[in-house]
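Just remember that my numbering sits 9 ahead of the position in the sequence shown, which is counted from 1. Here a beta-carbon is modelled for each residue, glycine too, at the ideal position from N, C-alpha and C. Right, one structure below, let's go through it.
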Amino acid sequence: MRIVLFFAECIIYSVDFDKFRTFNLNHQWNETAKLLTDAATNLQFAGADAILLCANTAHRVAGEVQEAINIPLIDIRDATIKAIHQQGLKRVGLLGTVFTMEMEFYREKFTAAGIETIIPQHKTDRDYIEDTLLHELGKGIIRLTTKAAYLKIIDELIAKGAEGIILGCTEIPLLISEDDLSIPSFNTTKIHVLAAVDFALS
10 MRIVLFFAEC IIYSVDFDKF RTFNLNHQWN ETAKLLTDAA TNLQFAGADA ILLCANTAHR
70 VAGEVQEAIN IPLIDIRDAT IKAIHQQGLK RVGLLGTVFT MEMEFYREKF TAAGIETIIP
130 QHKTDRDYIE DTLLHELGKG IIRLTTKAAY LKIIDELIAK GAEGIILGCT EIPLLISEDD
190 LSIPSFNTTK IHVLAAVDFA LS
């Protein structure tokens, strides 16, 4: 018997992370938008049926990217909101880059969907997450001490009323899994991929 394995055809446009991060650090969001809209329009020209921005922080300019193309942009926030609604939750903790945690582009969309997001209270904790994302997890370095620190931060979010935790950066699930938590977690990377699969099969 012949085994048939089907794979979705994917076109990948990898941008220079240093350029992306530098624009973000300098709050040059117009430049970030141009970087990603140029990539998206090239992907559309190459024949893509939909676009995914494979980073939570990139969704700061998702609106600008969608306006520049004539195909759907599968938004990681919309997919995560759907997953949270399926669990019936109203208040969730949010971990991610400092941009994702501190700026409004995540919070506003979730608030409009009836979901309250809470972030680590102390700036030192938010900066610690940012630093470890960049210098440890982003380089594939996994430390038990870092995991313990993240779990402590999560426990503080739970104490503040979080009913679930958004793992809102692609690297966080390398460190924290659903088995580590006593409440639901939302791996935005996995959720985004499943949304893309649903689109491909629709």
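Does residue i pass the burial test, meaning 16 or more other C-beta atoms within 10 Å, or should it be called exposed?
i: V70; result: buried
i: N65; result: buried
i: F16; result: exposed
i: R11; result: exposed
i: N39; result: exposed
i: I20; result: exposed
i: D84; result: buried
i: A204; result: buried
i: T141; result: buried
i: R152; result: exposed
i: N33; result: buried
i: A212; result: Lying before the first or after the last residue shown, residue 212 is absent from the chain, which here runs from 10 to 211.
i: L104; result: buried
Measure the Cβ-Cβ separation of residue i and residue j and say whether it is below 7 angstroms.
i: I128; j: Y159; result: no
i: I174; j: G102; result: yes
i: T179; j: T155; result: no
i: V13; j: A48; result: no
i: E139; j: T109; result: no
i: A200; j: A92; result: Checking the sequence shown, residue 200 turns out to be Ile, not Ala. The answer is yes: Cβ separation under 7 angstroms.
i: T89; j: F195; result: yes
i: L190; j: P182; result: no
i: K132; j: R86; result: no
i: P193; j: Q96; result: yes
i: E18; j: R100; result: no
i: Y22; j: L61; result: no
Using a Cβ-Cβ cutoff of less than 8 angstroms, which residues in the same chain neighbour residue i once the five nearest sequence positions on both sides are dropped?
i: G144; result: One point to set straight first is that residue 144 is His, not Gly, in the sequence displayed. Only I150 meet the Cβ criterion.
i: G147; result: E180
i: E111; result: I128 and R135
i: Y115; result: N65, H68, R86, L103, G105, T109, T126 and G177
Identify, in the order they occur along the chain, each residue of the same chain with its Cβ nearer than 6 angstroms to the Cβ of residue i, setting aside the five sequence neighbours on each side.
i: P81; result: A59
i: I162; result: P129 and D134
i: A55; result: I20
i: Q75; result: L82
Could you pull out every residue in the same chain whose Cβ sits closer than 7 angstroms to the Cβ of residue i, ignoring the five residues on either side in sequence?
i: F29; result: T41 and L44
i: T50; result: A77 and I78
i: E187; result: S194
i: F26; result: none
So residue i packs on residue j, CB below 8 angstroms; how close in whole Å?
i: K77; j: T46; result: A small fix is needed here, since residue 77 is Ala in this sequence, not Lys. About 4 angstroms separates the two Cβ atoms, so the contact holds.
i: E165; j: Q130; result: 7 angstroms
Ignoring anything shorter than 4 residues or poking outside the stretch 35 to 103, list the alpha helix (DSSP H) runs there in chain order. 38 to 54, 71 to 77 and 85 to 96
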